[in-house]
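The structure under discussion appears below in the form of structure tokens.
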Amino acid sequence: MNQQHYMEQQLRNMGLSEEEIALYKQQLRQTTSPVSDWPALLKDNVKQFNQLFSGDDADVTDGDEHPLAILLNPHSQLDTPQQWAIACGADIAFVNCQYLNDLTTGANEQAAREHLSEWWDISNAGELQETLAWLQESGHRIEYDIIWQAINAVSIKESKAFLREHIATNELEEAVVMERFRNTRKALELFRERKLVTESLQPDMLIWDFGRIINLSRSGYAAGYISFGEAQEYIQACVPLLKRTYTSWKHLSVSYQFARCVWNGVEMGSFEILHNNMEYLLITPESPWVRLSFNS
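Its first residue numbered 120, the sequence shown is counted upward by one per residue in this note's numbering.
Here it is, written out as structure tokens:
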């Protein structure tokens with residue numbers, strides 16, 4: 120097996136679809152290196168790889184001027200506990216200009232399907248359910264727990280050795296996990312500097328996976344891939360652990376922002392947008408984070 124075919128197989132082993140692999144190869148071909156030189160390409164494109172396949176459906180880019188408007192469905196039939204669960208996904212829903220108080224997102228079926236296809240490569244009910252099952256069972260939080268243990272190692276050398284032992288089984292996985300390790304260190308530095316991470320307020324990766332379960336379920340319902348009851352079942356299953364893990368809306372939001380930096384890299388433009396959104400949602404009277412007590 121040649122080097123190109125070997126790396127393609129490693130991408131499949133990581134769970135990427137043929138469409139995702141084709142997209143990644145297309146991105147690599149735009150570089151100046153020969154496409155057959157996979158190791159060199161991977162070294163130069165790991166950050167792009169993380170961004171392509173982290174599964175984040177929030178379109179936050181440098182230079183965005185997000186209209187600070189909280190969208191609420193005046194006809195929402197959800198009760199308070201159901202709205203509380205929807206509010207746990209507000210970091211993503213607010214960026215995507217979706218309702219913050221309803222199972223519906225405000226998008227029609229076609230727009231919802233395009234959204235799922237563009238950001239998640241999901242085009243039917245089976246693919247949606249498969250992705251939701253992965254997020255429920257492990258998502259990214261399992262790998263993050265290992266990275267966090269490596270962060271606390273005595274030396275960088277020991278950290279890298281720990282990651283190679285527990286995650287990286289080949290060259291591609293090592294390049295990806297080392298990039299995420301560096302992202303975590305940079306994120307810790309930034310969040311400590313901004314006093315978003317303290318001894319009493321430590322980020323947790325759960326919301327990175329569960330926030331996406333909430334919003335994927337909503338988009339899946341809007342797309343017609345799952346029923347109202349199925350979407351509610353996925354969402355409500357997140358609630359008990361979210362309540363046990365976080366102490367406030369701010370704790371939940373900071374954790375989401377931190378996780379995004381780990382998987383997509385520390386980009387100050389995106390960071391500032393999400394941070395400002397959090398501040399806005401925490402003080403604006405119509406915001407669900409103001410109307411609904413986190414500990415209700």
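Note that the Cβ used here is the ideal one computed from N, Cα and C, for glycine as well.
When the Cα atoms are used, what is the spatial distance from Phe467 to Glu237?
Lying before the first or after the last residue shown, residue 467 is absent from the chain, which here runs from 120 to 415.
For Ala280 and Thr224, the rounded distance between their alpha carbons
Between the alpha carbons of Thr224 and Ala280 lies a gap of roughly 44 Å.
When you compare the segment 217 to 235 with the segment 297 to 305, are there three or more beta-carbon pairs, one atom per stretch, that lie closer than 8 Å?
The segment 217 to 235, when compared against the segment 297 to 305, does not touch it at the 8 Å Cβ threshold.
Starting from Arg260, trace the alpha helix (DSSP H) in both directions and tell me its first and last residue.
Per DSSP, the unbroken alpha helix (DSSP H) holding Arg260 starts and ends at 260 to 270.
Who are the near neighbours of Val316 in its chain, counting only those whose CB is closer than 8 Å to its CB and skipping five residues on each side?
Excluding positions up to five away in sequence, the list reads Leu307, Phe310, Pro322, Val373, Phe377.
Measuring straight from C-alpha to C-alpha, what distance separates Trp408 and Thr364?
In this structure, the CA atom of Trp408 is about 17 Å from the CA atom of Thr364.
Bridge partners for Leu320 per DSSP, in chain order?
The partner list for Leu320 (beta bridge, DSSP) reads Thr317.
To which residues of the same chain is Thr151 closer than 8 Å at the C-beta, ignoring the five residues directly before and after it?
Note that Thr151 has pLDDT 38, beneath the 50 cutoff, so the model's placement of it is unreliable and no number is given.
DSSP-derived helix/strand/coil call for Cys380
The answer is helix: DSSP assigns Cys380 an H, G or I state.
From Trp368, His394, Ser336, Leu190, pick the residue whose C-alpha is nearest to that of Glu246; which is it?
Comparing Cα positions, the closest option is Ser336.
Do Gln351 and Leu251 have their C-beta atoms within less than 9 Å of each other?
No. Outside cutoff.
Rounded to the nearest angstrom, how far is the Cβ of Ile333 from that of Ala204, given a contact under 8 Å?
Ala204 and Ile333 do touch by the CB rule: their CB atoms are close to 7 Å apart, below 8 Å.
Only counting the same chain, and skipping five residues up and downstream in sequence, which positions put a Cβ closer than 7 Å to that of Gln149?
Annotation note: pLDDT 45 at Gln149 (below 50); position unreliable, coordinate value reported separately. No residues qualify anywhere along the chain.
Whole-Å CB distance - Ile211 paired with Gly330, under 8 Å assumed
Correct: roughly 6 Å between the Cβ atoms.
Tell me the rounded alpha-carbon separation between Asn347 and Ile354.
The residue asked about is misnamed: residue 347 is Phe in this sequence, not Asn. If I take the Cα positions, the gap works out to 11 Å.
Cβ separation of Lys362 and Met397, assumed to be a contact under 8 Å, to the nearest whole Å
With a Cβ gap of about 19 Å, Lys362 and Met397 do not count as contacting.
Does the distance from the CB of Glu405 to the CB of Leu191 come in under 9 Å?
Contact flag set, yes.
Indicate the three-state DSSP secondary structure (helix, strand or coil) for Ile353 in the structure shown.
This sequence places Tyr at residue 353; Ile is not what is there. Helix.
How many angstroms separate the CA atom of Ser257 from the CA atom of Asp328?
The C-alpha of Asp328 is placed about 8 Å away from the C-alpha of Ser257.
Would you grab the beta carbon distance between Thr403 and Ile189 for me? Rounded to a whole angstrom, and I think it's under 8 Å.
Rounded, the Cβ-Cβ distance is 6 Å, consistent with contact.
Going by beta carbon distance, what residues of the same chain come within less than 8 Å of Cys357, once the five residues before and after it are set aside?
Listed in chain order, the non-local C-beta contacts of Cys357 below 8 Å within the same chain comprise Ala204, Cys207, Phe329, Ile332, Ile333, local neighbours out to five positions each way being set aside.
In this structure, how does DSSP classify Val385 when only helix, strand and coil are distinguished?
Here Val385 sits in coil by DSSP.
Based on Cα-Cα distance, which residue from Gln202, Asp198, His194, Phe213 lies nearest to Asn395?
Considering only alpha carbons, the answer is Phe213.
Beta-carbon spacing of Asn220, Gln202 below 9 Å:
The criterion of a C-beta distance shorter than 9 Å is satisfied by Asn220 and Gln202.
Within its chain, find whatever has a CB closer than 6 Å to the CB of Tyr344; leave out the 5 residues flanking it on each side and keep chain order.
Excluding sequence neighbours, Tyr344 sits near Ala244, Leu247.
Classify Asn414: buried if its beta carbon has 16 or more other beta carbons within 10 angstroms, exposed otherwise.
By the beta-carbon neighbour count (other beta carbons within 10 angstroms, threshold 16), Asn414 is exposed.
Of the residues Met324, Asn215, Thr199, the one placed nearest Trp267, counting alpha carbons only
Checking every option, the nearest Cα to that of Trp267 belongs to Met324.
From Pro200, Leu393, Ser195, His194, residue whose alpha carbon lies closest to that of Ser412
Nearest of Pro200, Leu393, Ser195, His194 to Ser412, Cα basis: Pro200.
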